[in-house]
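Numbering (the numbering used here), first residue to last: 1043 to 1165.
Glycine residues also receive a C-beta, built at the ideal position from the N, C-alpha and C atoms.
Every value quoted in this text rests on a predicted model; they were computed, and no experiment measured them.
Here it is in structure tokens:
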């Protein structure tokens, strides 16, 4: 499974439940948090945030959404289930890979990947 977000982890856990051994490949470390967006967007103060948001151009709205979300994430509950399957060797997790090419081969799909350099967040 290519991806390190909530859908990828759900799919990997579902595949394991059906008896498959699974490999999950992600570009970056999993981000564990309850929501993809900061709580301010769901609080009573959100009307102020929405007013600012709708005053922006479409391009600026898009950029704000990208920066606010900060990429996909996984909930603590799903992460715990995922880690259990990794520990039990039913799921392999490869971090720091990017898909470079996908081809439809006879008998299956070929996925080519490249290792990418992850910057340390502990600087």
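Host beta strand (DSSP E) of residue 1152 (start-end): Taking the first residue of the chain shown as 1, we reach residue 1152 at position 110. Looking at the DSSP string, the run of the beta strand (DSSP E) that includes residue 1152 is 1150–1157.
Cβ contact check for the segment 1102–1110 and the segment 1053–1066: 3 or more pairs under 8 Å: no
Cβ-based neighbour list, residue 1043, same chain, cut-off 6 Å, excluding 5 preceding and 5 following: Start at 1 with the first residue of the chain shown, and residue 1043 comes out as number 1. Correct list, in chain order: 1050, 1053, 1054 and 1066.
Residue 1157 vs residue 1139 beta-carbon contact at 8 Å: Counting from one through the chain shown, the residue named residue 1157 turns up at place 115. Counting from one through the chain shown, the residue named residue 1139 turns up at place 97. Their beta carbons are under 8 Å apart, which means residue 1157 touches residue 1139 by this criterion.
Close-in-space but distant-in-sequence residues of the same chain around residue 1073 (CB under 6 Å, 5 per side omitted): As a position in the chain shown, residue 1073 is number 31, starting the count at 1. 1115, listed in sequence order.
Cα-Cα separation between residue 1048 and residue 1137, rounded to whole angstroms: Counting from 1 along the chain shown, the entry for residue 1048 is found at position 6. Counting from 1 along the chain shown, the entry for residue 1137 is found at position 95. Cα to Cα, the separation comes out at about 15 Å.
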